[in-house]
Amino acid sequence: MEKPLRIGVLAVQGNFREHAAVLRRLGAEPVEVRLPEQLEGLDGLILPGGESTAITRLMRLYGLDEALRRFEAPVFGTCAGMIVLDRDHLGLADFRVQRNAFGRQVRSFEADLDVCATRPSFRDCEKPLRGIFIRAPWIEDAGPDVEVLAEVDGHAVLARQGRVLVAAFHPELTDDTRIHELFLNLVREASSVRA
Ligand code: GLN
851 MEKPLRIGVL AVQGNFREHA AVLRRLGAEP VEVRLPEQLE GLDGLILPGG ESTAITRLMR
911 LYGLDEALRR FEAPVFGTCA GMIVLDRDHL GLADFRVQRN AFGRQVRSFE ADLDVCATRP
971 SFRDCEKPLR GIFIRAPWIE DAGPDVEVLA EVDGHAVLAR QGRVLVAAFH PELTDDTRIH
1031 ELFLNLVREA SSVRA
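If you read the sequence shown in our numbering, its first letter stands for residue 851, the second for the next number, and so on.
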């Protein structure tokens, strides 16, 4: 049997338990990460949503910011986790993120995303993907290597740049596991290249 993928979940603040539950459901082994040494030997890492200001501050406090800049495996950032990856923060992805772009709490909403146009390899892509947006950001000013996978009102909310996958919404809060599956596929591809 295939050895379970070990996927870190940054656990300083926010929705890390929900991501861990989805990973378990998909047969991966979630590892809570609070310290730089816990990144060692991981096949991938999820940066959950929450409050990007708090996450950024805590990462710096624990030395995780420097460690993450050196981390080489695939990374998946959702919502606040996407903010933390942008040019103005860790700089692991070539875009800027507009925080609370849809407006504040009142503008939390759900939307069906079309993932077929851009990503035919998305499992059952003809089934719309329900996105839960909570004080969500969107992607602005993306560089040429950023592949936009879904948009809301013309704004990029799901994207990939090489080993980095980002979502402005919260796939860990629905029963639809397709985005986590997409991430685990990316992780498998990357680990077979490294092996
Ligand atoms: N608005 C939050 C921030 O700027 C992100 C919200 C979320 O992760 N749900 O950090």
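Every residue, glycine too, gets a C-beta built ideally from N, C-alpha and C.
Nearest by alpha-carbon distance to residue i: which of the options is it?
i	options	result
Met909	Glu922, Leu892, Gly894 and Gln888	Gln888
Arg1046	Val1043, Arg985, Ala986 and Ala961	The requested residue 1046 is not part of the displayed model; the chain covers only 851 to 1045.
Pro987	Ala1009, Asp974 and Glu997	Ala1009
Asp964	Leu873, Glu922 and Val1002	Val1002
Gly891	Ala870, Pro924 and Gly899	Pro924
Asp974	Glu1022, Ile1029 and Val998	Ile1029
Asp936	Leu855, Val1016 and Thr1027	Val1016
Cys929	Phe945, Glu922 and Asn950	Asn950
Glu1047	Asp893, Pro886, Ala871 and Arg884	Since the first residue shown for the chain is 851 and the last is 1045, residue 1047 is missing from the structure and cannot be characterised.
Asp1026	Ala861, Asp938 and Val872	Val872
Ser902	Ala967, His939 and Gly1004	His939
Under the criterion of a Cβ to heavy atom distance below 7 Å, does residue i qualify as lining the ligand GLN?
i	result
Gly899	yes
Asn950	yes
Arg856	no
Cys929	yes
Ile984	yes
Ile933	yes
Ser1041	no
Leu903	As written in the sequence, residue 903 is Thr, which differs from the Leu given in the question. It does: the Cβ of Thr903 is within 7 Å (strictly closer) of some heavy atom of the ligand GLN.
Assuming residue i and residue j make a contact with CB atoms under 8 Å, what is their CB distance in whole Å?
i	j	result
Leu895	Gly864	Going by Cβ atoms, the distance from Leu895 to Gly864 rounds to 14 Å, so no, they are not a contact pair.
Phe945	Pro898	With a Cβ gap of about 19 Å, Phe945 and Pro898 do not count as contacting.
Ile982	Thr1024	6 Å
Pro880	Leu914	Not really, about 17 Å apart at Cβ, beyond 8 Å.
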